[in-house]
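Protein chains in written order, with our numbering: chain F, 7 to 223; chain C, 7 to 223. Note that beta-carbon positions come from the ideal geometry of N, C-alpha and C, so glycine has one too.
Protein chains: 2
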Amino acid sequence: MARTKEQNEKIRETRKEVIRNAALSQFVKQGLFSTRIQDIATEAGIAQGLLYHYYASKDEIFVDLINDALDKTIGASYSVRDMDTDPCEKIRFSLERLVETIENSQTFLDTCRLITQATNSTAIPQAAQDLIQEKRNIPYQVIEKIMEAGQKEGTIIAGDPKMLAIFFWTSINGLAIYYSTNKNREVKLDYRVIAAMFLIESEREDKNHAKDKTVFK
Amino acid sequence: MARTKEQNEKIRETRKEVIRNAALSQFVKQGLFSTRIQDIATEAGIAQGLLYHYYASKDEIFVDLINDALDKTIGASYSVRDMDTDPCEKIRFSLERLVETIENSQTFLDTCRLITQATNSTAIPQAAQDLIQEKRNIPYQVIEKIMEAGQKEGTIIAGDPKMLAIFFWTSINGLAIYYSTNKNREVKLDYRVIAAMFLIESEREDKNHAKDKTVFK
DNA sequence: GTCTATATCCAGATAGAC
DNA sequence: GTCTATCTGGATATAGAC
Numbered sequence: 007m008a009r010t011k012e013q014n015e016k017i018r019e020t021r022k023e024v025i026r027n028a029a030l031s032q033f034v035k036q037g038l039f040s041t042r043i044q045d046i047a048t049e050a051g052i053a054q055g056l057l058y059h060y061y062a063s064k065d066e067i068f069v070d071l072i073n074d075a076l077d078k079t080i081g082a083s084y085s086v087r088d089m090d091t092d093p094c095e096k097i098r099f100s101l102e103r104l105v106e107t108i109e110n111s112q113t114f115l116d117t118c119r120l121i122t123q124a125t126n127s128t129a130i131p132q133a134a135q136d137l138i139q140e141k142r143n144i145p146y147q148v149i150e151k152i153m154e155a156g157q158k159e160g161t162i163i164a165g166d167p168k169m170l171a172i173f174f175w176t177s178i179n180g181l182a183i184y185y186s187t188n189k190n191r192e193v194k195l196d197y198r199v200i201a202a203m204f205l206i207e208s209e210r211e212d213k214n215h216a217k218d219k220t221v222f223k
Numbered sequence: 007m008a009r010t011k012e013q014n015e016k017i018r019e020t021r022k023e024v025i026r027n028a029a030l031s032q033f034v035k036q037g038l039f040s041t042r043i044q045d046i047a048t049e050a051g052i053a054q055g056l057l058y059h060y061y062a063s064k065d066e067i068f069v070d071l072i073n074d075a076l077d078k079t080i081g082a083s084y085s086v087r088d089m090d091t092d093p094c095e096k097i098r099f100s101l102e103r104l105v106e107t108i109e110n111s112q113t114f115l116d117t118c119r120l121i122t123q124a125t126n127s128t129a130i131p132q133a134a135q136d137l138i139q140e141k142r143n144i145p146y147q148v149i150e151k152i153m154e155a156g157q158k159e160g161t162i163i164a165g166d167p168k169m170l171a172i173f174f175w176t177s178i179n180g181l182a183i184y185y186s187t188n189k190n191r192e193v194k195l196d197y198r199v200i201a202a203m204f205l206i207e208s209e210r211e212d213k214n215h216a217k218d219k220t221v222f223k
């Protein structure tokens, strides 16, 4: 019987994830407030009433999603921070991976849009606002530190590292939203162009040529 | 009596502007859907029912605001396009003005946030979506053309000009939203750092020094 | 666990008095 | 023109049958 209880718990968690995915898709398209519980239930393939067996309210789902989104972003930034290379390469590598992710991961695009939406509104649940307050600056701080180190090293352009970090993330975020909302996708994203913008000229040329050899052999 | 009619029309238009300003402030804070007609009326200092003598619905106000916001952005980009200088200087000058505007104009910050909100949702009124579809790309195209010309001239960095244009606008937009939602304002915005990112190194140094003399004399 | 049916609430929009 | 009071519709959340 103890086993059955565990299994039930697992099934329940799986079901909650289906609901979260449905909710994410709806929130990104319609926003928190014009998404109805009915919309989420329909997309999740269950009856509207049943949703309340898993979540107490629409807000609760939203808070769960925001928390996931922030944790994923923080995790990604930590993995860059902990790389065993110089700052210049960290910037280049992270941009390469982020651009790749924009092109290939719908979840990443949705995550960017959800956080943008949440950051841009004071009407979201208090718990979500608290999470944002608590966690949102971490990725900015990580990149800021890397920019600072790169400037000391002489590989990153001059300027307030805090501003460069904001620039770094808002650009990625902006590209993701642009990419997500312009389905024709007529733009070819090239991480090397973006990376070059943060690097001083000499470094820029040298490393780009080195990169060319490995990436486009 | 014809005169009275004109005056009434003028008063009416003034009153509508008060309502639009109230609505903009609310939409930016709470979003279109969680803003109630009551909220707008209260901020405008009138009764809820009276609002319907000026606007038929909440959506109608929103569409008006989106139209204004898009026209302002387009107007700004045209004034840059029509400047009588080389592309490199156009980029530098427009960034200087835009950063200045971020720091001094609450309306500009609100406008950025409203457009971001609208672009990021499919639940907004159809008329607003049509306006965005029709007008939103113009500022991107204007900057794209300038980037292209600058590349031919040898003053703008390499890369798909379409991507550079997206980068240009998303960065400004991102800075505006960051600035708007982080009231501490601990970051000193410096347009020259941003401008330098779009310019090739030699141009970057020369022109920056020339600029220093005129701007910080 | 899952559904359908329903109670409750609240915001948009209207009506009517002043 | 302006207000208060009210109608109406729709969404959340609950209750109850299976």
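Cutting at 8 Å between CB atoms, please list the residues of its own chain near residue i, excluding the five before and the five after it.
i	result
Arg-26(F)	Ile-67, Asp-70, Leu-71 and Asp-74
Phe-33(F)	Thr-41, Phe-68, Leu-71, Leu-120 and Gln-123
Tyr-60(C)	Arg-18, Arg-21, Lys-22 and Ile-25
Arg-87(C)	Lys-96, Val-148, Lys-151 and Ile-152
Leu-137(F)	Val-69, Ile-72, Asn-73 and Leu-76
Lys-78(F)	Thr-117
Phe-39(F)	Ala-129
Ile-46(F)	Ile-25, Ala-28, Ala-29, Gln-32, Leu-57, Lys-64 and Ile-67
Lys-223(F)	Residue confidence is low: Lys-223(F) scores 25 on pLDDT, short of 50, so the model does not pin down where it sits. Its coordinate-derived value is still stated next. Excluding sequence neighbours, Lys-223(F) sits near nothing in its chain.
Taking all protein chains shown into account, decide if residue i is buried (16 or more other Cβ within 10 angstroms of its Cβ) or exposed.
i	result
Gln-13(C)	exposed
Gly-165(F)	buried
Arg-18(F)	exposed
Gly-37(F)	buried
Ala-62(F)	exposed
Asp-212(C)	Unreliable positioning characterises Asp-212(C) in this predicted model, as indicated by a pLDDT of 48, which lies under 50. A coordinate reading is not provided.
His-215(F)	Its pLDDT being 41, under 50, His-215(F) is placed unreliably in this model, and the value from its coordinates should be taken loosely. Flag for His-215(F) reads exposed.
Ser-127(F)	buried
Glu-150(F)	buried
Glu-192(F)	exposed
Using a Cβ-Cβ cutoff of less than 7 Å, which residues in the same chain neighbour residue i once the five nearest sequence positions on both sides are dropped?
i	result
Ile-43(C)	Gln-54, Leu-57 and Lys-64
Lys-141(F)	Leu-76 and Ile-80
Ala-134(F)	Phe-68, Val-69, Ile-72 and Ala-124
Tyr-146(F)	Ala-171, Ile-172 and Trp-175
Glu-49(F)	Ala-28, Ser-31 and Gln-32
Leu-181(C)	Ile-108 and Leu-195
One question on the structure: do residue i and residue j come within less than 8 Å of each other, judged by their Cβ atoms?
i	j	result
Val-148(C)	Tyr-84(C)	yes
Thr-176(F)	Tyr-197(C)	no
Cys-94(F)	Gly-156(F)	yes
Leu-115(C)	Ser-186(C)	yes
Leu-205(F)	Ile-152(F)	no
Ala-201(F)	Arg-98(F)	yes
Glu-283(C)	Glu-207(F)	The structure shown does not extend to residue 283(C), since chain C is modelled only from 7 through 223, so no value can be given for it.
Skipping 5 residues on each side, what residues in its chain have a beta carbon closer than 6 Å to that of residue i?
i	result
Met-89(F)	Lys-96
Asn-188(F)	none
Lys-35(C)	none
Met-203(C)	none
Ile-144(C)	Ile-80
What whole-angstrom Cβ distance do residue i and residue j have, given they're in contact under 8 Å?
i	j	result
Glu-159(F)	Asp-92(F)	6 Å
Asn-179(C)	Cys-118(C)	5 Å
- Task: Decide yes or no for the touch test of the stretch 101-111 of chain C against the stretch 155-173 of chain C: beta carbon pairs closer than 8 Å, at least 3 of them.
- Result: Judged by Cβ distances under 8 Å, the stretch 101-111 of chain C makes no contact with the stretch 155-173 of chain C, as fewer than three pairs qualify.
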